[in-house]
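*Asks:* In our numbering, the protein residues as written are 76 to 209. Beta carbons: idealized from backbone N, C-alpha and C, even for Gly. Sharing a structure below in structure tokens format, with a few things to ask.
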């Protein structure tokens with residue numbers, strides 16, 4: 076196994092632009108914990124937002140993603156396990172290497188896929204969700 080990736084300390088000038096949003100309905104994962112989180116979850120699908128706290132687009136999207144996660148949580152409460160969705164986030168300033176392993180180089184990036192594709196780390200089968208302004 077690979078040793079867990081230590082969070083990178085942010086320089087003072089990056090801390091000035093970081094906005095931290097609480098994760099009420101999403102699961103905050105980091106580094107290597109994304110695969111075990113998906114593996115041990117009962118959900119059949121996962122939608123993961125890879126973000127950078129300093130990114131203005133991420134800052135604007137964070138509350139919308141939390142609202143979506145609330146709707147998904149309500150869906151999951153009524154759905155069969157093979158129809159449930161895990162909603163997660165990964166901070167790419169803290170876990171840069173983990174984000175690069177998933178092919179993430181811009182923010183925010185959303186990846187969607189079946190549990191088995193995440194567990195196989197099959198990035199070719201994961202779908203990138205493209206965000207666009209209304």
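Rounded to a whole number of angstroms, what is the C-alpha to C-alpha distance between residue 167 and residue 126?
*Replies:* Walking along the chain shown from the start, residue 167 turns up at place 92. Walking along the chain shown from the start, residue 126 turns up at place 51. Roughly 6 Å separates the two Cα atoms.
*Asks:* What residues in its chain sit with their C-beta under 6 Å from that of residue 145, if we drop five residues either side in the sequence?
*Replies:* Translated into positions along the chain shown, residue 145 becomes position 70. Here the set comprises 100.
*Asks:* Can you give, in chain order, each stretch of the beta strand (DSSP E) that sits fully within the region 106 to 159 and has at least 3 residues?
*Replies:* Complete beta strand (DSSP E) runs here, min 3: 120 to 126.
*Asks:* Going by beta carbon distance, what residues of the same chain come within less than 6 Å of residue 147, once the five residues before and after it are set aside?
*Replies:* As a first step, residue 147 is located in the chain shown; it is residue number 72 there, counting from the start. 160, 162, listed in sequence order.
*Asks:* From the DSSP secondary-structure annotation, give me the bridge partner or partners of residue 164.
*Replies:* In the chain shown, the residue the question calls residue 164 occupies position 89. According to DSSP, which records beta bridges pairwise, residue 164 is partnered with 103, 124.
*Asks:* Answer with buried or exposed for residue 175, where buried requires no fewer than 16 other C-beta atoms within 10 angstroms of its C-beta.
*Replies:* As a working mapping, residue 175 is identified with position 100 in the chain shown. Exposed, since its Cβ has fewer than 16 Cβ neighbours within 10 Å.
*Asks:* Do you know whose CA, among 142, 128, 103, lies nearest residue 182's CA?
*Replies:* Sequence index remark: in the chain shown, residue 182 carries index 107 (1-based). Residue 182 has its Cα closest to that of 128, out of 142, 128, 103.
*Asks:* Confirm, please, whether the CB-CB distance from residue 122 to residue 206 is below 8 Å.
*Replies:* Numbered from its first residue, the chain shown carries residue 206 at position 131. Numbered from its first residue, the chain shown carries residue 122 at position 47. No, these two residues do not count as a Cβ contact at 8 Å.
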